[in-house]
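Chemist: Pasting a structure below so you can have a look.
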Amino acid sequence: MKIAICWTGYSGYMAACWQALCACRGLQVQIYSPETRYHYAPEILEKLPIQIFTAEELSAGKLVRAVVQQGPDLIFVSGFSYKPFRQLLRVRELKTAKVVMCMDAAWRGQLRQFAARVVYAPYVRRTSAVVVAGERGRQYARYLGYAANRIFGSTYGCDYARFSPAMAVRRKAPEGWPRSFVYIGRYAEIKGLDTLLEAYRRYRRARQDAWPLHCFGNGDLRDQLLQTEGVVDHGFLQPQELQEELSRHGAMILPSKHEPWGVALAEAAASGLPIICSDACCSGLDIVRQLYDGLVFAAGDAGQLTRAMLYLHDHRDSLPEFGARAQVYAQAYSAENWARRWEWIIENVMESE
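According to my numbering, the sequence shown is numbered sequentially starting from 745.
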C-alpha cells in the first residue's frame, strides 16, 4: 500500500516515528516536507524516503506533482492551513486516494476556531479521518465536524529508545540525583519563559542552595534569560546531543502559556525526569500525574511554579521514583508504539466505507 505523508517540517522525533512506520510490512511510505527553519543535522534524515522542497519549489507546485506521480492510496496531511496541502485535496488525479488530516491544535474556544468550522468544512468532508494530539485535540475535531469514529489519537511520538538510557546514567551519578532544573524550548513569551524566570528568581531567594536552571533553545527572550542569576543558556542542540544533556539534570520545567502537545515533555519523561508543567501543556494531561511523577501549575502563575520548584528541591530523595513513573507514561509514546497506532489508523481508514 502506498502512503504519502505531507508534513510541515521535519524534526528528530518525527524522523524516529517515520523510521518505525517505514519498517512496517506492506507499507510503501513517502514523506514530503518543506524546508524547516531549524538547522537539524542531516543524519536525522538518513535512510528516510523524504523529499524536501524549497519555498520556490512549493510555489511552482512541485510538491503536488510529486504526490501525483507517487499515486498514493492514502495521504496524511498535517493540517489545512498550509496551501500546498489544501491543493492536494482538490487535485483530480488524487480523487480516489483517501486523506487523513493530522493536527496538534487543541480546543481553546477562540473566535478563529469557531470560524474554522465554516472555513474548513469542505476539507473536513474530503478527509476520511483526523489524527489528533490528546483529548483537547479530540474536542476540537468534534467541533470541526468529525464523527467520533473518524477521530484517532497519536499525532506525535518521541524517540523513547534514544532518551531512556539517560535514567541509568542519572541513577549511577557519584554525587547522586542531579541538583538542577532544565528547560527545553523557544525563548518566547508564549512558552512561558517570563513566568519561568520570575518563578526561578523567587525560588533562588527562598533557598540558599538553589539549583541552577539550564536552558536549551533560542529566541527573542534570550537576553532576559542571560540577565537572570543562576540561569545557563546552552542554545539549540541536535536530538543526539540532547539525550546526553538530559542525563545531567534533575527535573524538567515546561511553563508554556499555549502548547498544542509538547514533545519535549515526552522526551524528558522518557529520559526519566520528573516534570513540572503548566496546565496549558496538552502532553501533561497524558503524562504528568500530580505529585506522582511531577507537578502541574496554572499557566502564567509564577507563585505556583515557585512552589513546585521548591517541592522538588525539598523532596530530592523522591525524584528517582518520580522519574521512573514518568518513563512508564512516556513509553506509550515511543516511536514504535506510534507506528503501531498509525498502522491501526491506516487499516481502519482503508477498510471504512
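Even glycine gets a Cβ: it sits at the ideal position worked out from N, Cα and C. Bear in mind that the values here come from a model prediction, so they are computed numbers and not experimental data.
(1) DSSP three-state call for proline 793: helix, strand or coil?
(2) Please list, in chain order, all residues of the same chain as glycine 770 whose beta carbon is under 8 Å from its beta carbon, the five residues on each side excluded.
(3) Tell me which residue opens and which closes the beta strand (DSSP E) that isoleucine 934 is part of.
(4) For glycine 994, name the three-state secondary structure that DSSP assigns.
(5) What is the residue span of the alpha helix (DSSP H) that serine 1027 lies within?
(6) Take serine 1078 and list the residues in its own chain whose beta-carbon comes closer than 6 Å to its own, dropping the five residues that flank it on each side.
(7) Which term fits phenylalanine 820, buried or exposed, when burial requires 16 or more other beta carbons within 10 angstroms of its beta carbon?
(8) So for glutamate 1003, helix, strand or coil by DSSP?
(9) Assuming glycine 936 contacts proline 999 (C-beta within less than 8 Å), just tell me the rounded distance between them.
(10) Fully enclosed by the segment 874-934, which beta strand (DSSP E) runs are 3 residues long or longer?
(11) Spell out the partners DSSP gives cysteine 731 in its beta bridges.
(12) Report the rounded CA-to-CA distance for alanine 912 versus alanine 860, giving the unit in angstroms.
(13) Distance check for arginine 836 and isoleucine 1031, CA to CA, integer angstroms please.
(14) Are there 16 or more other CB atoms within 10 angstroms of the CB of methionine 996, so buried, or fewer, so exposed?
(15) Pair every Cβ in the segment 880-887 with every Cβ in the segment 847-861, then say whether three or more of these pairs are closer than 8 Å.
(16) Do the segment 745-765 and the segment 774-781 meet, that is, are 3 or more Cβ pairs less than 8 Å apart?
(17) In the DSSP output, what is isoleucine 1019 paired with across the bridge?
(18) Tell whether a beta-carbon distance below 9 Å holds between glycine 878 and asparagine 1081.
(19) For histidine 958, write down the residues that DSSP places opposite it in a beta bridge.
(20) Extract the residue ranges of the beta strand (DSSP E) inside the segment 823-865, only unbroken runs of 3 or more that lie entirely within it.
(21) Could you check what DSSP says for proline 778 in three-state terms: helix, strand or coil?
(22) At the level of alpha carbons, what is the spacing between glycine 994 and glutamate 800?
(23) Tell me the residue span of the alpha helix (DSSP H) that contains alanine 799.
(24) Look at aspartate 1045 and threonine 972 and say whether their C-beta atoms are less than 9 Å apart.
(25) Using CA atoms only, rank isn't needed, just tell me which of Arg880, Ser1022, Leu1017 and Thr899 is closest to isoleucine 934.
(26) In terms of alpha-carbon separation, which member of Lys791, Gly853 and Phe960 lies closest to leucine 765?
(27) Within the same chain, show all residues whose beta-carbon is closer than 7 Å to that of proline 1004, passing over the 5 residues directly before and after it, in chain order.
(28) How about isoleucine 1089 and alanine 873: do their beta carbons lie closer than 9 Å?
(29) Label phenylalanine 1066 either buried or exposed according to how many other C-beta atoms from any shown protein chain fall within 10 Å of its C-beta, with 16 as the threshold for buried.
(30) Can you find the residues in the same chain that come closer than 8 Å, C-beta to C-beta, to aspartate 817, ignoring five residues on each side of it along the sequence?
Modeler: By the coordinates alone:
(1) Locating residue 793 in the sequence shown gives position 49, where the first residue counts as 1. Residue state, collapsed to three classes: coil.
(2) Your numbering for residue 770 matches position 26 in the sequence shown. Once the five neighbours on either side are set aside, the close Cβ partners of glycine 770 are Met745.
(3) In the sequence shown, counting from the first residue as 1, residue 934 sits at position 190. Segment: none, isoleucine 934 is in no beta strand (DSSP E) and carries neither H nor E.
(4) Indexing the sequence shown from 1 puts residue 994 at position 250. Glycine 994 falls in the coil class under three-state DSSP.
(5) For the purposes of this step, residue 1027 is identified with residue 283 of the sequence shown, where counting begins at 1. Unbroken alpha helix (DSSP H) run through serine 1027: 1026-1031.
(6) Here residue 1078 is taken as the residue at index 334 of the sequence shown, counted from 1. Result list for serine 1078: Tyr904, in chain order.
(7) The residue labelled residue 820 in the question sits at position 76 within the sequence shown. Per the 10 Å Cβ criterion, buried.
(8) For this step, residue 1003 is matched to residue 259 along the sequence shown. The answer is strand: DSSP assigns glutamate 1003 an E or B state.
(9) Taking the first residue of the sequence shown as position 1, residue 936 is located at position 192. Taking the first residue of the sequence shown as position 1, residue 999 is located at position 255. That pair is a contact at about 3 Å.
(10) 895-897 and 925-928
(11) Not covered by the structure: residue 731. The range shown for the chain is 745 to 1097.
(12) Position 168 of the sequence shown holds residue 912. Position 116 of the sequence shown holds residue 860. Computed Cα separation, rounded: 46 Å.
(13) Stepping through the sequence shown from its first residue, residue 1031 is reached at position 287. Stepping through the sequence shown from its first residue, residue 836 is reached at position 92. Each residue's alpha carbon lies about 42 Å from the other.
(14) Numbered from 1 along the sequence shown, position 252 holds the residue referred to as residue 996. Counting Cβ neighbours within 10 Å, methionine 996 comes out buried, since at least 16 surround it.
(15) yes
(16) yes
(17) Taking the first residue of the sequence shown as 1, we reach residue 1019 at position 275. According to DSSP, isoleucine 1019 bridges with Met996 and Gly1038.
(18) As a working mapping, residue 878 is identified with position 134 in the sequence shown. As a working mapping, residue 1081 is identified with position 337 in the sequence shown. Result no, Cβ atoms of glycine 878 and asparagine 1081 do not sit closer than 9 Å.
(19) Start at 1 with the first residue of the sequence shown, and residue 958 comes out as number 214. Bridge partners of histidine 958: Val926 and Val976.
(20) 842-846
(21) Along the sequence shown, read from residue 1 onward, the residue named residue 778 stands at position 34. DSSP places proline 778 in strand when its eight states are reduced to three.
(22) Within the sequence shown, residue 994 is the residue found at index 250, counting from 1. Within the sequence shown, residue 800 is the residue found at index 56, counting from 1. If I take the Cα positions, the gap works out to 45 Å.
(23) Locating residue 799 in the sequence shown gives position 55, where the first residue counts as 1. Element bounds for alanine 799: 799-803.
(24) Translated into positions along the sequence shown, residue 1045 becomes position 301. Translated into positions along the sequence shown, residue 972 becomes position 228. Taking 9 Å as the Cβ cut-off, aspartate 1045 and threonine 972 do not qualify as a contacting pair.
(25) Position 190 of the sequence shown, counted from the start, is the residue given in the question as residue 934. For isoleucine 934, the nearest C-alpha among the options comes from Ser1022.
(26) Position 21 of the sequence shown, counted from the first residue, corresponds to residue 765. With distances taken between Cα atoms, leucine 765 lies closest to Lys791.
(27) Position 260 of the sequence shown holds residue 1004. Contacts found: Asp848, Ala849, Ala850, Ala877 and Cys1026.
(28) In the sequence shown, counting from the first residue as 1, residue 1089 sits at position 345. In the sequence shown, counting from the first residue as 1, residue 873 sits at position 129. Result yes, Cβ atoms of isoleucine 1089 and alanine 873 sit closer than 9 Å.
(29) Here residue 1066 refers to the residue found at position 322 when the sequence shown is read from its first residue. So phenylalanine 1066 counts as buried.
(30) Numbered from 1 along the sequence shown, position 73 holds the residue referred to as residue 817. Result list for aspartate 817: Met745, Lys746, Ile747, Ala841, Lys842 and Met1094, in chain order.
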